[in-house]
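Undergrad:
Protein chains: 2
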Amino acid sequence: MNETKKLREILHQKNLRYTPQRQEVWDEICATKEHRDAEDIYNSLRKRQTNVSRATVYRTIDILVKNNLVRRLDLGDGRSRFENKIGIAHHDHIVCLDCRKIVEFMNEKIEELQEQVAKEMGFEIVRHVHQLFGRCLDEKCPNK
Amino acid sequence: MNETKKLREILHQKNLRYTPQRQEVWDEICATKEHRDAEDIYNSLRKRQTNVSRATVYRTIDILVKNNLVRRLDLGDGRSRFENKIGIAHHDHIVCLDCRKIVEFMNEKIEELQEQVAKEMGFEIVRHVHQLFGRCLDEKCPNK
DNA sequence: TTCACTATTGAGATTGAGTCTCAAAGAAGT
DNA sequence: ACTTCTTTGAGACTCAATCTCAATAGTGAA
Ligand SMILES: [Zn+2]
Ligand SMILES: [Zn+2]
Ligand SMILES: [Zn+2]
Ligand SMILES: [Zn+2]
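These protein sequences, in sequence, are chains G and F. Using my numbering, the first residue of the first sequence is number 37, and each one after it goes up by one. Using my numbering, the first residue of the second sequence is number 37, and each one after it goes up by one.
1. Under 8 Å between C-beta atoms, does residue 162(G) make it to chain F?
2. Relative to ligand 2, is the shortest distance from any of its heavy atoms to the C-beta of residue 48(G) smaller than 7 Å?
3. Could you spell out the range, first to last residue, of the beta strand (DSSP E) harbouring residue 59(G)?
4. Here's the rule I'm using: 16 or more other beta-carbon atoms within 10 Å means buried, otherwise exposed. How should residue 124(F) be labelled?
5. Within 10 angstroms of the Cβ of residue 54(F), are there 16 or more other Cβ atoms? Answer buried if so, exposed if not.
6. In the DSSP assignment, the alpha helix (DSSP H) including residue 89(F) goes from what residue to what residue?
7. Helix or strand or just coil, what does DSSP make of residue 207(G)?
8. Would you check if the distance between the CB atom of residue 61(G) and the CB atom of residue 93(G) is smaller than 8 Å?
9. Would you give the residue range spanned by the beta strand (DSSP E) that residue 160(G) belongs to?
10. When you measure from the CB of residue 147(F) to every non-hydrogen atom of ligand 3, does any distance come out below 7 Å?
11. Hey, could you find the ends of the beta strand (DSSP E) residue 119(F) is sitting in?
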């Protein structure tokens, strides 16, 4: 699989070692499109008999984030969430305060205006956080 | 002072008690326009012989936030920051990754587009987080 | 293959922001 | 001043995340 190679390549490039634990963590993150936290990833690994320690899960995620394979999200609930970044276009997030549903959005005009605003204020943007919190109009949402 | 009255009023309105500790915390937050964390506020109070416990600082800030006197910011460094909200127009933040300078911005068009995007996705926005992280072009900034 | 050199791992300790507990102190209305 | 109910403070506790360090294991060279 393409993503497996990608990991090996980057680790080699950075003089880091390719280990089964790192591969397992990366595979687990690639397995879904959800926005999962470290504990969640750790538990999924244990559930399928893959024993990678909590510390290693955290350490591996840090490597993946630093090398742009994974994106770290802070949705304001006190822990980081992660999503595979390979082949995924930039987007931001809308979160329902009642059912915690997360929806992705991307608006080219907002992205442009951000750049423009930053330039006006004398900044060069490296990254941005843009999250909308509210209530979804979904039937299944407890907010009725 | 106007802000003092505001606190008394709101506490009364919510059947909460007006105490010197709560007043001190509110005064301390009103004293600057900076984006300070709870520990910082706690330390400032101690420095001027005003002994309010850490727990009370946190509890009071929660009340102030719930009642719209104070805004809670999460700038991604693992602790909440606070700013007086009374008479302050809505704005978002740009943060320099090198010198931690925080600059405020407000762009009407972005605000509108956010609303529009949310509507399109079937959400009603309650609040939003919009932060730009980058490097400032300031002489004094360590990034040169 | 084996070796030597390092990096990595795991278990558990530690950190740090924030919350909780509960007995003592104190608002506020009467 | 009295009663009632809330608030306070000190320190215990929580929880995500990081650190420690001895044991383990990639990796490249021989
Ligand atoms: Zn964006
Ligand atoms: Zn996403
Ligand atoms: Zn805004
Ligand atoms: Zn601000």
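Ideal Cβ placement from N, Cα and C applies to all residues, glycine included.
TA: So, from the listed chains and residues:
1. Here residue 162(G) is taken as the residue at index 126 of the first sequence, counted from 1. Chain F contact via Cβ: present.
2. One-based indexing of the first sequence puts residue 48(G) at position 12. No.
3. Counting from 1 along the first sequence, the entry for residue 59(G) is found at position 23. Per DSSP, residue 59(G) belongs to no beta strand (DSSP E); it is in the alpha helix (DSSP H), 56-66.
4. By one-based count along the second sequence, residue 124(F) stands at place 88. So residue 124(F) counts as exposed.
5. The residue labelled residue 54(F) in the question sits at position 18 within the second sequence. The residue in question, residue 54(F), is exposed, as its Cβ has fewer than 16 Cβ neighbours within 10 Å.
6. Your numbering for residue 89(F) matches position 53 in the second sequence. Counting along the chain, residue 89(F) falls outside any alpha helix (DSSP H), and DSSP gives it neither H nor E.
7. The requested residue 207(G) is not part of the displayed model; chain G covers only 37 to 180.
8. Within the first sequence, numbered from 1, the residue matching residue 61(G) stands at position 25. Within the first sequence, numbered from 1, the residue matching residue 93(G) stands at position 57. Closer than 8 Å, so yes.
9. Position 124 of the first sequence holds residue 160(G). That run of the beta strand (DSSP E) goes 159-172.
10. Along the second sequence, one-based indexing puts residue 147(F) at 111. Yes, Cβ of residue 147(F) sits closer than 7 Å to a heavy atom of ligand 3.
11. Here residue 119(F) refers to the residue found at position 83 when the second sequence is read from its first residue. Per DSSP, residue 119(F) belongs to the beta strand (DSSP E) from 116-120.
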